[in-house]
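Following full-length UniProt numbering, the numbering of the sequence shown begins with 1 at its first residue and continues without gaps. To start, the structure itself, in structure tokens.
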Amino acid sequence: MSFEGDKGLEELDFEFKLQKIRNQITSKLENQKHLALILSAVEENINDQNNSKSPVAYFVSFLSLLDQAIDSESDEILDSALAISSAYFLDLTLPFIPKTLLKSKFPEILTKLAPAITNSNAEAALIRSAIGALETLLIAQDLNSWNNTSLNINPRRGFGGLLEYSLDPRPKVRKRAQEAIHKILANPPPGPALEHVASGMAADFAIKSIVTLLSTKPNQKTNKEHSAQLIHALQLISSITSANTWPAAKIENLCDLLLEISKTNDQYLVSAAFGGFEGLFNSMTNEIDNDKFVKVLNIIFDLKPSINDSHLAAPWIAVVSKGVTAYSKIEPLEAVKKIPQVLEILKAFFASEVSDIYISASQSIIAIISEGIPEKFLLLPNGDDITPEIYEEVDDVITRISEIITELLSVKYTSATKEILEVIATCFTKLRMRTNPDFLKPLEIVGEWRTNEDFEHKAEAEAVIGNAITELGPEVVLNVLPLNLLDANKTGRAWLLPLLRDNVRFARLGYFIQHFMPLIEAFSEKVGSLDKNSVHSKIFQTIIDQTWSLLPHFADLPNDLQKSFTDEFAQTLSQLLYSNVELRVNVCHALRLLVESNVAYANGALADDELLSQQFSIKEAQSNVEYLATKSSNILAVLFNVFSQTVPESRGFVMETIDAYLSISSPTDLEATFNKVSSLLKDALESEANQQQAKNKSKLSVTMMDLVVAMAKYVPESSYYALFMIFNQVVTSEEPLLQKRAYRIISKLVETPTGTQALSKFIESIEKVIIDNTNNVHPSAKAARLSAISTILEILPSDHLNFIPGVLSEITLSTTSVNEKTRELSYKTLIEMGNVMNKGGVVKLSKLDGFPDDTPDSEGSLEEYLKMVLGGLGGDNNHQISITITAISCLIYEFKDQISTDLLVEITSTVDLFLTTNNKEIAKSAIGFAKIAAISLPEELVRPKLKTMLENLLRWSHEHTGHFKSKVKHIIERLIRRFGFEAIEENFPEEDKKLLNNIRKTKARAKRRQAEEGEEDAEDSKKSKFSNAYEEVLYESEDEDEDDAEEGNNKKGNQYILQSNDEPLDLLDRQALSHISSSKPQKKGGRKINASEFEKDGRLHFNDKNNADDEDPLKSITSGINAYVEAVRSGPVKGQKNKFKFKRGAKAYNDEDDGEDDGEETSRPARNERPKFVNKNNKVGKPRQKFKARKKF
């Protein structure tokens, strides 16, 4: 499948490239126009021969044209322009030709291509295109072809030609040849060797070229040309080494040559040699001799340029960096030992006057430290790879690095302060806790710099300190840089608090308790003794808040949890949760992180971090989780109380913390906790049943149900019976919020394997409860109920398929809901039921209402399911028929490939009859089905019914209301696109031919306009605005009409000048361009007042909202499915991805929530408070806005 998909993409890419050339037929440039004319002639020839326009057909034609342009006997170029164009097209076409063809026809292709390369009179354009074609041809050859030297025409011969051109004096030809060599060597044929089989040939050619040039002694006249030739050869070497294929046996030879060139006085040659070294180091492996590598490095060190040499310094620094990192892969420990020597050499460049040079030096050191020191050398002695001797050697290196870094912090290197700070930050990140104590001195210096408010590089200094906090811990950093917040005689560092908050990880929780809790108490006392509105009070309160914000980060995998998280500290946090509402977020976050960080670590989240694993083992994390589990019961009791005291819209963070502790609680504790919550729920339900609840007050029963839902997936098996009893009781409640939560119990249970088993065990009872309560569902609980039904369908046994017809009618009716979430779920559930029925099973009809007990069982299948849905067409009201057609349309679109042709024909014929109805609601749905049929169903099924379909559709082409005419017109356009104009014209009723002619003229005009503007096909280039193919089919009609209207308006781009505060735009201002926009500016603020709102005497007239005599405009409006649900209280508006969003709050006038809001239901405005739809004559009319249901047909 993937291969076919890739092939299709390649063909699209090929066609796209050809289309770009076709569009150049009117180009003013002769070469572009010539290409387009040749392409047109080739395509005409392919059409005359009745061949398909495949890449192979084009390739054969272009190769034939090249053969015509060059004399086969003398290799003389007869037609240069034709040869150039043919070679260009061959270069374009060859990548799309199957490799098998290129391998089998290699001699023939190379024979025809060779004259374009070898002819001495060939133009550069011809050679470049021929090189590109040869590159593709050589990449396609296998190992046997490359090794077959017995043939006169073989890949090596073609590759030799490329090598010759890689030193050509013409820049573009030379560059194209070197690019081709690089690409060929970077794509070796499959075989045992990693290197390309031709890499030795390329290396030999490059070395021979340099040796020849070095042995030639140029005179004064030829010196410049000689240097240029050497540079060209060095560029070839870079092309070979950058492909990682330079033969290991020839590395020493190359090093000797590069070192010899590096000693010359020509800075351009030296720079090119450095480039060769850089590429060589990138491709080096452990096959080179260690002593030789060290020797090369030392020689490179000796070639150190002046620190202000803007031409050589940066390339030399890059070579040093690459050399050290390459050496670390061969001899890691020796490379680490050499790092101080390298840093000592590079240190001088930070005193350079050229910014590019000291920036290069900093980046080089960062690369050396990051890549040149393996992680394993930072580990403590472990008896395996890291011996005490190695540990001490690495420690000495780190000490020496810190000394060099400290020297860089002197006045001498002031100009490079920013870059030096970046180096120090990298040292902390890479060396981690091994920077203690060697890097404490640099840290102290940087801290002093940051304390100075006038310091220029605060961000870089804070990055250093932040990295130190993360790697060394806050305790070490604060010993070096104390806060000094309570000592007026010392410099305070309150700026450290945000840094601590953002960087503390894996710290000691006890340090927060011992150091920061007393700090909080001290400042709390100060705040208590001051006026709350004083400046000092606010400053102190800010410090308190910032200090409390550290708590969650100290709780992120602390290394002393069992020692520091005592009952006393837990009690302190509990009291804070009760007494200080502002701290609840931080405290809950901390409690949650204690659990989540240890659970994640115990599950191996950071198992790759060997250094951390040495400090903190997985077993310790597992022990921490067990320790927290012993305290979870008491913590949950506190959290439950806090949850009940917090307003519904602000307690999500409390629920997250509850969920964390429920996940680690023991089954015994869970059962006891669940029983307590169940008892409280029972008492709350009884209490609320006996008394009138205050308006807008949160109900305790709803809060308890939230807790029950949270516990559902964690409770042990012994509590499942009680849980389902709660579900059975609460699902019948008249309180919508309780209903919603009852259904969520089902959705929650399926999240765990044990919960899924429980659902399977009680599935029959759950099915009965859901079916029995079909008529008692509150609209706001409908979405939660549909989610529950969807959950049941996932685990529905194959012999319980009778559940599907039991809820089918409800699901179908839900597609008309004004609630977007409900509509989405209803269509999703319709499809899920189809999938379940398609799997097969037994439908026990005797268990359905209205069927006798002796009714035989039916076999479940997709066709049986569709027949169940089709039963709604026999309904006794138009609304039911309409929504049934809508549901059928959705299912046909989804399962069209799995439904038998006979059933499709039967369904299509049946629904087609409803186009003849006089009822507009049914007709809308039937037109939607006709659109699905026209676009999606097999062509052989639709074609015979074209005449009948068109006759029935065109009955509604004269109806202007409800977009009937535009829908019908769009369906006809799609039919024309699919079946051709002639087929549609044959079946089109004679009396409606005017519409067909109108469509033809409209399309012809659009095509002409498009050709004149030279644009690509709008339909291909336009980005889809729909979230899926189904919605694109459904919504495309109206959007296409809108696009057509916009197309005419947007021919000429409009530009607007953005002004504010009525200030004139200063066109001399440098920022004037930023005030010019292609989007029309919108005025801000204020309500738009219409002229109709003024009285005759000029006074503004306000409509009386409470006029009870106004006629209710909603009484006479019917609810239409499929395309629109007309005139509900507040029409939705289109949002992203063509979805509808409903207005919220006071603008909504909607009697349903969105299925997600857990807050209390707000009181709804009375009917006479809702807005009237008033026209200019102050008469009640139709609403201005119509809106679609989820699916429109």
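Just so it is clear, CB atoms sit at the ideal spot from N, CA and C, and this is done for glycine as well. Note that the structure is predicted; figures quoted are calculated from it, not measured.
- Put simply, the backbone Cα of Val320 is about 23 Å away from that of Lys376.
- Thr241 is not a Cβ neighbour of Leu185, given a cutoff of 7 Å.
- The residues Phe979 and Ala983, in chain order, have a CB closer than 8 Å to that of Arg943 in the same chain once the five nearest residues on each side in sequence are set aside.
- Between Ser889 and Gly850, the C-beta gap is not smaller than 7 Å, which leaves the two residues out of contact.
- It is roughly 41 Å from the alpha-carbon of Ala602 to the alpha-carbon of Val342.
- Annotation: Glu73 is outside any alpha helix (DSSP H) and is labelled neither H nor E by DSSP.
- With fewer than 16 other Cβ atoms inside 10 Å of its own Cβ, Gln691 counts as exposed.
- Assignment of beta-bridge partners to Gly860 by DSSP yields Gly841.
- Secondary structure in the stretch 553-623: the alpha helix (DSSP H) runs of 4 residues or longer, each lying completely within the stretch, are 561-564, 567-579, 584-602 and 610-615 in chain order.
- Three or more Cβ pairs drawn from the stretch 752-770 and the stretch 724-732 lie within less than 8 Å of each other, which places the two stretches in contact.
- Its chain contains Ile746, Ser747 and Val750 as the residues whose beta carbon lies nearer than 6 Å to that of Thr791, once the 5 sequence neighbours on both sides are disregarded; these appear in chain order.
- In the three-state reduction of the DSSP assignment, Tyr661 falls in the helix class.
- Counting C-beta pairs with one atom in each stretch, the stretch 541-548 and the stretch 603-616 have fewer than three that are closer than 8 Å, which means they do not touch.
- Going by beta carbons, Leu551 and Ala590 fall inside the 7 Å limit.
- Along the length of the stretch 233-296, whole beta strand (DSSP E) runs at least 3 residues long do not occur.
- Closest option to Ala926, judged by alpha-carbon separation, among Ile935, Phe293 and Phe914: Phe914.
- Between Leu443 and Ala468, the C-beta spacing is below 7 Å.
- Thr732 and Ala788 have their C-alpha atoms spaced approximately 15 Å apart.
- Note that the stretch 120-127 does not touch the stretch 188-197; fewer than 3 beta-carbon pairs, one per stretch, sit closer than 8 Å.
- In the DSSP annotation of this structure, the continuous segment of the alpha helix (DSSP H) that includes Tyr327 starts and ends at Ala313 to Ile330.
- Ranking Leu946, Ser402, Gly875 and Glu951 by CA distance to the CA of Ile922 puts Gly875 first.
- In this structure, the CA atom of Ala348 is about 22 Å from the CA atom of Glu371.
- Cβ atoms of Ser665 and Ser623 stay farther apart than 8 Å, at about 17 Å.
- Our two residues, Trp146 and Thr136, have alpha carbons roughly 14 Å apart in a direct line.
- Within its own chain, the residues whose Cβ lies closer than 8 Å to the Cβ of Met201, once the five positions on either side in sequence are excluded, are Arg156, Phe159, Gly160 and Leu163, listed in chain order.
- The residues Glu671 and Phe674, in chain order, have a CB closer than 7 Å to that of Ser719 in the same chain once the five nearest residues on each side in sequence are set aside.
- In the DSSP assignment, Leu162 falls within the alpha helix (DSSP H) that extends over Pro155 to Tyr165.
- For Thr732, the three-state secondary structure derived from DSSP is coil.
- In this structure the stretch 390-410 lies against the stretch 423-441, because at least three pairs of beta carbons, one per stretch, are closer than 8 Å.
- Minimum Cα-Cα distance from Gln141 among the listed residues Ala507, Arg174 and Leu102 corresponds to Leu102.
- The stretch 454-473 makes contact with the stretch 415-428: 3 or more CB pairs, one atom from each, lie closer than 8 Å.
- DSSP, reduced to helix, strand and coil, places Trp495 outside both helices and strands of the structure shown, so it counts as coil.
- In the three-state reduction of the DSSP assignment, Ile804 falls in the helix class, which pools H, G and I.
- With a beta-carbon spacing of about 5 Å, Leu94 and Ala133 fall inside the 8 Å limit used to define contacts.
- Taken through DSSP and simplified to helix, strand or coil, Leu953 comes out as helix.
- For secondary structure counted as the alpha helix (DSSP H) over 4 or more consecutive residues, the stretch 729-814 holds these complete runs in sequence order: 736-749, 753-761, 763-772, 782-795 and 803-814.
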